[in-house]
Every structure is written in structure tokens, then in C-alpha cells.
Amino acid sequence: MRMSRPALVLLAVPFVGTGLAGAAGERIEWIGGSADDRAFARAAAGLVPGSDRLPDGADLATVLAAIRATDRFRSVTAEGGRIRLEPWPPLAALVWRGDAPAGLRKGLTGLPRKGERVGDARLEALRAQVQERLQAMGWPQAQVAARHEDGGARAVLEVAAGAPQVVRNVELAGRLGPFTREALVAAAQVAPGRTLWCREVEIEVHRRLRKAMVKRRRFEAKVELAWDPQGTLRIQVDAGPEVRLASKGSGLGWTTSIKDMVPLARAERYGPELLDEGERRIVRLLRASGHLDPQVSYVREVVKTGPEGPEEVLVTYTIVPGPKARIASIAFEGNRAVPEADLRKAVELGGLFRPKARPETLDALERRVEALYEGRGYVDIRVRRHIDLKGDQAHVTLRVREGQQRLISALRLELPEDGLGDPWGLAECLPLMFSDKVVLEGGGEIRRYRSDRPAMAGIEGTLSRVPDPGGQVFELRPSRPLPLLKADVFRVYTAIRQQHLVALGVVRPVVRTETAAAPDGTSVVKFIVPPQARETVRRIVVQGADRTRSDAVLRELDFHPGDPLDQERLIGAQGRLGALGAFSRVDASSLAEPQEGQPAPAGPPVPWKPGDLLIRGEERSPWVITNAFGYDSSQGYYLGQGIQRLNVGGMGRTLDLNIRAGDGTINNPTLRDIFRTGKYTRSLDSYTLGYTDPWFAPGALTGILPDRTAFRAEGAYIQEQRYIYNVHRRRVLSSLRWNVSPRVSVEAGYRFERVEVAANVQGIDPGILATIARNPAHAIISSPYLQLVRDTRDNAFDPTSGAFSLARFEAAGQVFGTSPNASFLKLDVRNQWNWALGYKASAGVVSLGLRLGVARPTASTSQDLPLAERFFGGGSGTQRGVQTDYLGPVGHVPLLNADGSTPVNPTLQAIPLGGQGLVVANLEYRFPLIGQTVWAEVFVDSAQVYERLTRSEVDADGGGKRITNFPPLRTSLGIGLIFKIGVPIKVEYAQDLNRLLKRYPSAADQQAAEETQLRNVLISAGFQF
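All letters in the sequence shown, in the order written, are residues 1 to 1025 by full-length UniProt numbering.
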């Protein structure tokens, strides 16, 4: 969403007699219109919510003009103490008349749909769009008229296209080089007698001809197009010579060619500066690779000449990379006020190896020294570096010019007498001089603040009001003098001017700064805020809300007459309205802004004020259909389709149906062979119907739940093939979700689920499967749950910084209806941290993930969890060196003969059993391999699944006891490739560490490792562990 000027023409309303006095405080009686019509009319009139009385200073003509500006009403009239509203009727048809050319509607946006209401302003905007589109298509004389028929039920667009601008002849001149006239005309794709000439065609013809020239290495070619109104297109061509690029020297590497660095092929037009740009790009590349002083030059020479001039040109870049060194030592010169020990601590780079002497590394050294001096008040500090190269070692000397120390002993804020409505709020901007966030230590009329910056640890400031007859004055005195840094002064200045004054409704805030000398030689910085007018919201004019209810729109805007005109708050309201899912576009502006490019309205101008807000929405289609195909080695391939009905009931609610069909439904042998999941087919099929209400606030819970609490209800049927058994789930979910802060959300919900487990392979005795898997044939889960999520990642699918934390607790007790063989308590905690290396993760990303899961059966008759509720490990997101789900306990089921009898020597089929406990630790480093598209990764995973949480001992080999329920963590080392095409796709392989070292704690551990070792690569999407 974006701030913009209104795109519709507002119809001015003449100031004529109406029969209503319009005195302030007079009560208005509304006649006609629906409840939504009246609500939008009240907002446009500037009435306070819950009141129908005109506000102070209200002008009736302006009130009526604002109501009409909503574009909802065919007429708005006033009589006595009444305002009569006559809404536009729903649109029955959009009628096209005249000689509209084919393809016209394809390029139009926002065409009204049947059932919407089309007012005069919207119809005028549509007319202007159609006319502009026609002229852009090559109909320069096109005229479009628009009108309503049948009382507004029909909108008519009458098109008079006029004569088209047809290309009747193509003239080609100039130096054609190796091209023929026919070849260039064919490349331009201009058909005389059929092609219409317009700006879009002109751009496309030029692009096509440039592409044809570049294909033959005619990089210096020039093409000029000229149009004759009589229908002749003149193409002037200078094909120029064939250009070859070459390089001397080294430094580009095997992944970069000279063609990649010199932008001749990608440029829309040739210019000599393109060769200079190639030189600059090569220098930047070499410096980024650690070369200290690369030298690059080029020579353009003609190697072949013909009758018309040069026919072949060779451009040779000479590349001298220069020395490539690592920083061996750092010395300092000119430092008198700061000890060398402090400087060395500031420039400590860390790491196992000495860093390369790259320009950005050397710049960072200078900035660190400057920051250290600035923190001590030397704001004029200058640092320059000198490098002494000895072989591949760089000895760096940082030469310091300290300048004069400048400190601040106090900050003063001078406000007008009224304090602009929030004097203490403005005064609390002063502590930002030494703190990134205001940290209040003590309140009252004398307030204390402390610094949260490591470099200013221990500094506190005392803020108090200073008596002054001319206004309100506040003074902040730090516990010790602060350095006079321009950046910190500007931070305070910006907080006062751009944030706080704007939030108080000051449209054009004014703040002056002055610096005065104190008796002790320090300085006092003054922030002077003169008296200035504050704007408030006067009225809210909403356009384009046809299907969306007034409750939803005004609720998301959250503005009322009399509120300060806060631009930040307005942008936030605009974003919330856009996120409602009802609108494809939302624009917010003031009616007082000039209408650029629009005809002047008829009649006297309306005296709009900055507080007269216009919110214009363009409603989207309520139906969204999506299709998907995916593959994951842990769940197999699937086809998906989703159907969403947006804005149900006009309240931003959503109804969605999602179908995920895997191999269990599709049963396609070809797809099964291509997208393998191991020895046994794994599949996940689901059919889900869901309903979401973004504002769930029933009357009984209004005072308990936050206002913006989302409700979600979902019913699903899930069929999952897992090795030799199927899991069928019938599930109903309901949840409430709200945000505690922008990064933290809470979800409370309830899950009711019926689970059935059965064998899906012939030769498996269901009774034996149930006994070994320790799982009932069916179970009922009835469980409330609570979930807490904190997400500070910069990108959920491809994070380079930030953290993700999730904690979920479930209590499936018999008191809630859980079957006696399935009750449990369950806690799942996950954390992921990401750290970027280098500028914008240019050197890669380090990620650490930790997960802990525990669950306990609560029924006295059951010592095991239902199979579907256990923790499983192995595969993507857990232990990538183990087959999917095969981490931890594994059972073996004997296979029967075809007739159901038991063989003499039965084959045992391994199945993962999961457990009551799970521990996972993932550490990975991923880094760019080929540009930013292909990355590589190395990782180590350590994890284990524990069968039970109770201690159990058995006899160990050689005597003694050993614990069986708590085996050691299994660790794997792995590598992978990441393809960043939309959602990152990861292809990974890992090996068990014990297997790599050929060292196992016991024979049983060796057998388990061999049996469950990852057989194939893992394919997954995203980075969340």
C-alpha cells in the first residue's frame, strides 16, 4: 500500500440553500440508505462515534460535499433537521457501445463487477482510464463518454475510437552492416497496414532491433525511430563494427568472464561510458576479493576497416590485480588522548586466521578508531591509513588527528506555554542523546534515565522541568559530560520533529537547535520548539467499500474526529485496511491536496482542510484459486489446490478449502518412481475446510481478550502413509490468536481428533503390529493447547539474522474427552538463531537450532503415547544423517506368508516407534557458491529420541548395568546445496559420525546405525529446524 493523491475526481457541491441551518450541536436525522451507508455518511460528516450532532464549526455545505464525495449516493439532500440519502443501486451491467477495438478491456484495471455500486466519480475515473488506454494503443483521436442509465443500475461507456495510427510504410536507411532490409524489418516485427504506432510499440521495436544487433556483437549499433503522421515509420540504423572483448592479466576467476563485467549486451543504448563502467566493475570485484590496489585499463582498437568505416573492433582490458595480502600488524600514530591499549582493543578483529586486507576491512578499522574517539568527545577525529606491503603481509598504520574534545553538560527543550499537548512526551526524547531506547529508572516531576549503550554504561540522566515565564522548559543533565556527536543530536532532533510532533498533529513541524557554552567549558544544546498549529482529523471520506462493511473499514482505520492528524498512524491504518484481504489497493490522502492532472470541478471550491481524509479502496475479487506441486523426501510428492472466499460477510473473514493429494490419492507409479521416499512409499493426503475471523470479540470476552484477536476454526481429514502402516485422522481445530507485541504472538486453542492406525502392507498381522508399536487401533484426542511464538527473523523462508522461538503445551486429559488409552501431557520447545557474516550476509550465515520435546502418558492403564502423538526424529529439520523418523527406538514386525501363515524363518520389517522425549541440536554454516542463487552448506546435527522418560536398566555386556531409555545423542556431519529460487530448495546428505570414524559404543549401536543410516539425499524447502 502507498500514500498517494486521490485518483478520482471529487464532484464539487455548490453552496446553495438547503433548508437546514446546520448549527453546531444540532442533531441530524438520517433518512434512507442502509446501516453501512449511514455509518460512512457519519464518518464523512465528521460526527463523533455514537452521536448524530454536528460538531463545532461545522458547515452544512461542506458536510454535504463530504458525504457526496464518498461516491456511494445518487443524491444527498437536506431538509429541516434531516439528511436524505439515496444510494446508487447495485450494478446490473457494464455496457460498452461504439467501436471499441478488440483487446481494449485486457489492459484495464478496476472494472466494476456486477452487484457493485458505481458512482459518478468512479465512472468518470473509468472513462478517463479507457480513453487514456485507447490513445496509448494507437488511437490518438479516441473519445469516450460515460453515463448512468436505469437510475444507475447500468453504467454505459460509449467509445468513439476515431482513426487509428497505422504503420503504412517502413523506410530503412543508414549503415546496415551485415543485415538486410528484410531481416531488420522482420526483427522489428512491424507489419505495414496492421501495426498500430504508439509509445509501447516504439519501445518494443527499439528493444527488438537492439537485441538483433547485440546477437551479432554489434554493441555500438545505433537505432533511431521517427514517425510521420502520414503513416511512415523511418528507421535510421548505424550497425557499427563487430565488437570483441578480451582481457589481459588475471583476477576475474573462473566463474566471471569479461562479458559479465562490461554491460554492453544489457544496455538499451550504446555509449562510451559503458566501457568505463566495465572498468569500475572490475576494480570493485578485485577489491572485494582482497586485492589492495588493482589497476584496470582498456584500449579500443580498430582491427578491420571497410568502405563504410570500421568493421571490427577489439576492446582489450588490461588487469593488474595488485598484491593480495593479509593484515599482519596494526600500529597507531598521533594518538595522545587515548592509550594504545584501548585502540588495540577497539580494532581487534578476532577469528582463527588473519583477515584479508580488503578495503571494507580497512575501512572498518578506521571507523572503529573514530567511534572510540567520538565516544570520548573528540568529534573532529580524522583517521587515515598507511599500508606497508611485505610480500603477502600488510602492515597497517592508522594515523590519528584527534582534534578538540567537545562535551555536553546539559540538554534543554524549550516549548510553548501549552506544551503542544504532550510536554513530557516531547521531553522524553532528550535521553535519546545517550540511549538507543528510553530506559526510565524513576518517575515523578524529576525523572531519571539510564543508558542502554555498552559504550556509555553507567551513565544516567536527570530530567526536570525548569521554571520559565515564557513557556515550558525541560533540562536533562547527564551524570557525566557526553560527547557532542552530531549523530546523537540529530537523533534527538528527529525524534522531536519527525516522530513526536507529527504524532501530535503538527503537519509542518519546526524545531531549531542552538549550542551555548557553559561556564565549565562544556556545551549546552538547546532544542527550541516554537508555537505551531496542530491539525486534527475532521472527517473520514471512504470510497470503494462496496462489499466491505463499515464496521470492518472504520475498525481498521481506528481514526475519529478530533484525533491528532498523525501521518505515521495514518500509514499504519492504511496498511491494516490493506491487510484485511478485501482490497487490492488502498490509498490515503487529504482532500485538501491538489488534484494533479484532473479537471477543475465545477462550482465554488470546497474549503477542505488537511484533516479531511480520503481513504480510497479498490476491492479485489473475493475468490482466490491456487495450485501447487511439491516434493519432500519425508512425505513424497503432492498436488495441491486451494480455494479461498475472501471478505465473507464484508468483515474481512475468510473461508478456505485446501486439498493436498499425495501418492495415497493419486497412486501414480511414474510419479512414485521419480519422487522416491525410500523402500516404502510415504504420502500425506489432506482435505481441509477452514474459517478465519481476524476480529473475534464476542461480547462476553470483549474485556478479556485483546481487541485484535483472530479466531480460526478448521476441520480436516488426513491420511498418512508411514512405512508399513497408515494413519487416518479426523480433526477439528479451533484457536484464538493475538499479538502481545509486533514480534510475539500467543495462540490458545482446542483440538479434537480421532486417530486410526492400520497396516498398509500385505503380510502384516494387525495384532502383532499393535503389540510391537504399542498403539491402539483407534484413539480419541481431546486437547486444549497454548502456544507462544517469538519471531525476530528478517525473512521466515531465508533468514540471515534474528531468532525464532516456539513453545507449545498440550493437555489431552480424559476430563476433556480423550480416550483412556491416549491421554497425555506434551511440551515442545524450539529455538533458532541466525547470524549474518559480512555485509548483508556476503560471507554466509551461521544458524543454530535447538529443540526439546517431552510428553508423558497420564492414564494409569497406558504407559505409551498414541503412535501419532509421539516424537519422531531423523530427516529434514532434525537429524539429517538418519532416515526419516528412524532416530531412536525401532521395532521389527515379522512378515507373514501370502496365505496368512507364519513362515519358518520370517522376515523382520523395521518400523520407527518414536518416543516420549526428543532432543535436537543443529548447527550449520551456509555461504554463497555461485552468486546469490546457489549456496552451499556444511552442518552438524546431534539428536536423539527417547522411548520413555523413566529410567530403565538392563545387564550390560561384561557385567554391570546400563541405561536403556537414555542412549547417547547421535551425531552426523553433512553437506548440501541450496538453490534460492523463490523459497530456497535444499539438497543435503549426511553421514553418522560414528560410522565415519568407524567407532561404535557397542555392537547394538553399530547395527542400529547401519540399519537407519540415510540412504539417499534429502530434499526440503526453507531453513526452519
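Note that beta-carbon positions come from the ideal geometry of N, C-alpha and C, so glycine has one too.
Below 9 Å between beta carbons: does that hold for residue i and residue j?
i            : j       : result
Val214       : Asp238  : no
Pro321       : Leu275  : no
residue 1026 : Leu684  : Residue 1026 lies beyond the stretch modelled for the chain, which goes from 1 to 1025, so this question has no answer here.
Ala44        : Ile28   : no
Ala161       : Ala100  : yes
residue 1034 : Leu867  : Residue 1034 lies beyond the stretch modelled for the chain, which goes from 1 to 1025, so this question has no answer here.
Gln991       : Ser1020 : no
Lys980       : Val934  : yes
Pro483       : Arg412  : no
Gly630       : Gly640  : yes
Asp828       : Leu848  : no
Arg793       : Asn831  : no
Glu942       : Ser634  : Looking at the sequence shown, residue 942 is not Glu but Ser. Cβ atoms of Ser942 and Ser634: not closer than 9 Å.
Ala573       : Glu593  : no
Ala579       : Leu614  : no
Asp546       : Arg117  : yes
Gly976       : Phe939  : yes
Ile381       : Val396  : no
Quick one: grab the DSSP three-state call for residue i.
i       : result
Glu311  : strand
Pro857  : strand
Ile446  : strand
His395  : strand
Ala92   : coil
Ala600  : Residue confidence for Ala600 is low, a pLDDT of 49 falling below 50, so the modelled location carries little weight and cannot support an answer.
Trp835  : strand
Gly958  : Because the pLDDT of Gly958 is 49, which lies under 50, any placement of that residue in the model is unreliable, and the number read from its coordinates should be weighed accordingly. DSSP places Gly958 in coil when its eight states are reduced to three.
Phe490  : helix
Pro211  : At residue 211 the sequence reads Lys, which differs from the Pro that was named. Lys211 falls in the helix class under three-state DSSP.
Ala187  : helix
Trp424  : helix
Ser550  : helix
Val586  : strand
Asp468  : coil
Gln1007 : helix
His560  : coil
For the beta strand (DSSP E) containing residue i, list its first residue and its last residue.
i      : result
Pro912 : 908–912
Ala812 : 802–812
Val303 : 295–306
Ile387 : 382–390
Val624 : 623–632
Quick one: measure Cβ to Cβ for residue i and residue j, integer angstroms, because I've assumed they're closer than 8 Å.
i      : j      : result
Arg754 : Ile780 : 5 Å
Leu887 : Gly873 : 3 Å
Val205 : Glu220 : Contact doesn't hold; Cβ gap of about 19 Å is too wide.
Pro339 : Pro416 : In fact, because the Cβ distance is near 48 Å, the residues do not count as touching under 8 Å.
Glu618 : Phe583 : 6 Å
Gly813 : Phe871 : With 8 Å as the limit, Gly813 and Phe871 do not qualify as a contact, their Cβ atoms being about 19 Å apart.
Val510 : Leu565 : The Cβ separation is near 16 Å, so there is no contact.
How far does the alpha helix (DSSP H) with residue i in it extend, from its first residue to its last?
i            : result
Phe40        : 35–45
Ile674       : 669–674
Ile666       : 663–666
Gln236       : Run containing Gln236: none in the alpha helix (DSSP H); it sits in the beta strand (DSSP E), 232–238.
Glu171       : Counting along the chain, Glu171 falls outside any alpha helix (DSSP H), though it belongs to the beta strand (DSSP E) covering 169–175.
Pro994       : With the sequence shown as reference, residue 994 is identified as Asn, and Pro is not the correct amino acid for it. 993–997 is the span of the alpha helix (DSSP H), which, as asked, contains Asn994.
Pro894       : No alpha helix (DSSP H) holds Pro894; the beta strand (DSSP E) holding it covers 890–894.
residue 1026 : The chain is shown only over 1 to 1025; residue 1026 falls outside these bounds and no answer can be derived.
residue 1107 : This structure cannot settle anything about residue 1107, because the visible part of the chain is limited to 1 through 1025.
Less than 9 Å between CB atoms is the rule here; does residue i satisfy it with respect to chain C?
i       : result
Asn1016 : In the structure shown, chain C cannot be found, because there is only a single protein chain.
Taking contact to mean 3 or more Cβ pairs, one atom from each stretch, closer than 8 Å, check whether the region 921–932 and the region 731–748 are in contact.
Short answer: they don't touch.
Is the region 142–151 touching the region 168–177, taking contact as three or more C-beta pairs under 8 Å?
The region 142–151 vs the region 168–177: no contact.
The region 64–82 / the region 112–132 touching (three or more Cβ pairs under 8 Å)
With the cut-off at 8 Å, the region 64–82 and the region 112–132 touch.
Quick test of the definition: if touching needs 3 or more C-beta pairs under 8 Å, does the region 327–339 touch the region 257–270?
With the cut-off at 8 Å, the region 327–339 and the region 257–270 do not touch.
Does the structure place the region 484–493 close enough to the region 453–466 that three or more beta carbon pairs sit under 8 Å?
Contact between the region 453–466 and the region 484–493 is not established, with fewer than three Cβ pairs separated by less than 8 Å.
Mind the definition here: the region 632–650 touches the region 101–111 only if three or more C-beta pairs lie below 8 Å; say whether that holds.
These segments do not touch.
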